[in-house]
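S.K.: Start counting the sequence shown at 1; every next residue gets the next number (the UniProt record's numbering).
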Amino acid sequence: MSKIFIIGATGHIGGAVLDLVYPKYPDVHIKALVRDEEKGKMLVGKYPRVTFVVGDLTSLDLLTREAKEADIVINTGPDVKQDVAISAILEGSANHSPKAYYIHTAGTSLIWESPGTSQIEPKIFDDVLDIQALKSFPPTALHATSNALVFAAYPSTNIAIISPTVVHGLSPSPLHPTPISLPPLLSAITTTQSGFTISPTTNLQSHIHVLDLAQIYLSLLSSALNDPFPDPQKWGPEAFYFAASEDLSFGEYMTFLISKLSSPPYKFVLDTQIKKLPFSEAVKVVGTLTAYLFGINMQVRCTRAKEVLGWVPRAKKVEEGLDEVLEIYYKERDDGAGMQELDDTYGL
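1) Does the segment 83-100 touch the segment 157-169, meaning 3 or more C-beta pairs lie closer than 8 Å?
2) Just the C-alpha distance for residue 40 and residue 55, rounded to the nearest angstrom, thanks.
3) Expressed to the nearest angstrom, what Euclidean distance is found between the alpha-carbon atoms of residue 129 and residue 253?
4) Using a 10 Å radius around the Cβ and a threshold of 16 neighbouring Cβ atoms, would you call residue 264 buried or exposed?
5) Counting pairs of beta carbons, one from the segment 175-194 and one from the segment 10-18, are three or more of them closer than 8 Å?
6) Does the Cβ of residue 260 have 16 or more other Cβ atoms within 10 Å, making it buried, or fewer, making it exposed?
7) Since residue 195 contacts residue 274 with CB under 8 Å, what's their CB separation in whole angstroms?
8) Classify residue 332 as buried or exposed, calling it buried when 16 or more other Cβ atoms lie within 10 Å of its own Cβ.
9) Taking a contact to mean a Cβ-Cβ separation below 8 Å, would you say residue 31 touches residue 51 in this structure?
10) To the nearest angstrom, how far is the alpha carbon of residue 60 from that of residue 258?
11) For residue 195, does the three-state DSSP call read helix, strand or coil?
12) Per DSSP, what kind of secondary structure is residue 176 in: helix, strand or coil?
13) For residue 250, verify whether its CB is less than 7 Å away from any heavy atom of the ligand SAH.
14) From which residue to which residue does the alpha helix (DSSP H) around residue 12 run?
15) Can you confirm whether the segment 218-227 touches the segment 267-286 when touching is taken to mean that 3 or more C-beta pairs between the two stretches lie within less than 8 Å?
16) Can we say the segment 126-144 touches the segment 237-247, given the rule of at least three CB pairs closer than 8 Å?
17) So what does DSSP say about residue 214, is it helix, strand or coil?
18) According to DSSP, residue 32 sits in a beta bridge with which residue or residues?
19) Here's a check: name, in chain order, each residue in its chain whose Cβ is nearer than 7 Å to the Cβ of residue 249, leaving out the five neighbours to either side.
20) Beta-carbon within less than 6 Å of residue 235's beta-carbon, same chain only, minus the 5 sequence neighbours each way: which residues are those?
21) Which value, in whole angstroms, describes the spacing of the CA atoms of residue 19 and residue 327?
22) Are the segment 98-112 and the segment 131-145 touching, with three or more C-beta to C-beta distances below 8 Å?
23) Could you tell me how far apart the beta carbons of residue 165 and residue 206 are, in whole angstroms, since I believe they sit closer than 8 Å?
24) For residue 341, is the classification buried or exposed, using 16 other Cβ atoms within 10 angstroms of its Cβ as the cut-off for buried?
25) How close, in whole Å, do the beta carbons of residue 143 and residue 169 come, if the pair is a contact with beta carbons under 8 Å?
26) Alpha helix (DSSP H) containing residue 288: first to last residue?
27) Measure the C-alpha to C-alpha separation of residue 187 and residue 277 and round it to an integer number of angstroms.
28) Nearest to residue 208 by CA position, among 247, 218, 182, 66, is which residue?
29) If we ignore side chains and look at the alpha-carbon of each, how far apart do residue 58 and residue 64 end up?
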């Protein structure tokens, strides 16, 4: 029986991945890392065949041990400032026989520019055409050092990196059904009683529905479980997968939000005008991470998933999915990490 070890299984992304894997592979043993017994029991309540181990990304010996026992490790946890934990996982995978598989999650903030410095025609990164550039970012770039660790683990381990853009949509995660980028925006809109954009750029970002994103993980997992030999197009030194399906300006996204929040059943906002905030003011309202996320141009093309995995995004677009996301958010108040916690996680 093949063994999978999932890190981040209760999260927004990891929960969506687990929800796809669990019914498709009933004969695979799935173990999840959880922070406490309560979260583990909640997970098992929904997925009875899942077992869990209690720990976090500081539990280095545990990470190495569990990775060594697993045929496939899926890491959907945060990677910024987690190089020691990632190294511990990769050490375990390198000592697994036969050769193990490691699927890593890395944010697209790797390609961020400083707000306001974007060119008139900003760079659109393609994960096939620009793979060498994506592997050559300086260590000061977010995610660069952790990506380098993962790539260096090949050929001892079959590796792949998935890099989501702005994640939207409703996840089947029992703990975090709504996106982590949503609470700071909703809090700011409620506080200021208006929508806003972050000047001076147009702030175009690529977005991905969490269910479409999870399909990329599932495709790679299926390859690991079913292919007689590792496919060098899917795994290895160029196995970097952007995940994106829709490009929106932050102004468009904010217009969608204000349209919903100024109408029944919410009516939280009376002023439907979209104000322009300079970046420094936006930081005070939503925090540094969120201000960066929506204050820059961040567009990508996910050629690799489409060409190599045959991936086709089918989930709802951002505007189509907002109603159900807002309904669950205000029903369950899934605030996730707070504004300061997000900034601290990214060292901002």
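The beta-carbon is built from N, C-alpha and C at its ideal position, and this holds for glycine as well.
M.R.: On the basis of the data shown:
1) yes
2) Position 40 of the sequence shown, counted from the start, is the residue given in the question as residue 40. Position 55 of the sequence shown, counted from the start, is the residue given in the question as residue 55. One C-alpha to the other measures close to 11 Å.
3) For the purposes of this step, residue 129 is taken as the residue at position 129 of the sequence shown. For the purposes of this step, residue 253 is taken as the residue at position 253 of the sequence shown. Rounded to the nearest angstrom, the two C-alpha atoms are 28 Å apart.
4) Here residue 264 is taken as the residue at index 264 of the sequence shown, counted from 1. Residue 264 is exposed by the Cβ-count criterion.
5) yes
6) As a first step, residue 260 is located in the sequence shown; it is residue number 260 there, counting from the start. With 16 or more other Cβ atoms within 10 Å, it is buried.
7) Position 195 of the sequence shown holds residue 195. Position 274 of the sequence shown holds residue 274. Sure, about 4 Å apart at Cβ, within 8 Å.
8) Reading the sequence shown from its first residue, position 332 is the one you call residue 332. Burial call: exposed.
9) Within the sequence shown, numbered from 1, the residue matching residue 31 stands at position 31. Within the sequence shown, numbered from 1, the residue matching residue 51 stands at position 51. Cβ atoms of residue 31 and residue 51: closer than 8 Å.
10) Locating residue 60 in the sequence shown gives position 60, where the first residue counts as 1. Locating residue 258 in the sequence shown gives position 258, where the first residue counts as 1. The alpha-carbon atoms of residue 60 and residue 258 are separated by roughly 44 Å.
11) Position 195 of the sequence shown holds residue 195. The answer is strand: DSSP assigns residue 195 an E or B state.
12) Start at 1 with the first residue of the sequence shown, and residue 176 comes out as number 176. Here residue 176 sits in coil by DSSP.
13) Inclusion of the ligand SAH in the displayed structure is not the case, the ligand content being empty and no account of it being possible.
14) Sequence index remark: in the sequence shown, residue 12 carries index 12 (1-based). Residues 12-24.
15) no
16) yes
17) In the sequence shown, the residue the question calls residue 214 occupies position 214. Helix.
18) One-based indexing of the sequence shown puts residue 32 at position 32. Its beta-bridge partners are 6, 52.
19) Counted from its first residue, the sequence shown places residue 249 at position 249. Excluding positions up to five away in sequence, the list reads 202, 203, 204.
20) Here residue 235 corresponds to residue number 235 of the sequence shown, with the count starting at 1. Taken in chain order, the residues that qualify are 158, 160.
21) Looking up residue 19 in the sequence shown gives position 19. Looking up residue 327 in the sequence shown gives position 327. Each residue's alpha carbon lies about 21 Å from the other.
22) yes
23) If you number the sequence shown from 1, residue 165 lands on position 165. If you number the sequence shown from 1, residue 206 lands on position 206. With a Cβ gap of about 4 Å, residue 165 and residue 206 count as contacting.
24) Within the sequence shown, the letter at position 341 stands for residue 341. At residue 341, the pLDDT of 49 sits below 50, so the modelled position is not reliable and the matter cannot be decided from this model.
25) Residue numbering aside, residue 143 sits at position 143 when the sequence shown is read from its first letter. Residue numbering aside, residue 169 sits at position 169 when the sequence shown is read from its first letter. At roughly 22 Å, the Cβ-Cβ gap does not stay under 8 Å, so residue 143 and residue 169 are not in contact.
26) Within the sequence shown, the letter at position 288 stands for residue 288. Residues 288-295.
27) Within the sequence shown, residue 187 is the residue found at index 187, counting from 1. Within the sequence shown, residue 277 is the residue found at index 277, counting from 1. Their backbone Cα atoms lie some 16 Å apart in a straight line.
28) On the sequence shown, residue 208 is found 208 positions in, with the first residue counted as 1. Residue 247 is the option with its Cα nearest to residue 208.
29) As a working mapping, residue 58 is identified with position 58 in the sequence shown. As a working mapping, residue 64 is identified with position 64 in the sequence shown. Approximately 11 Å, taken between the alpha carbons.
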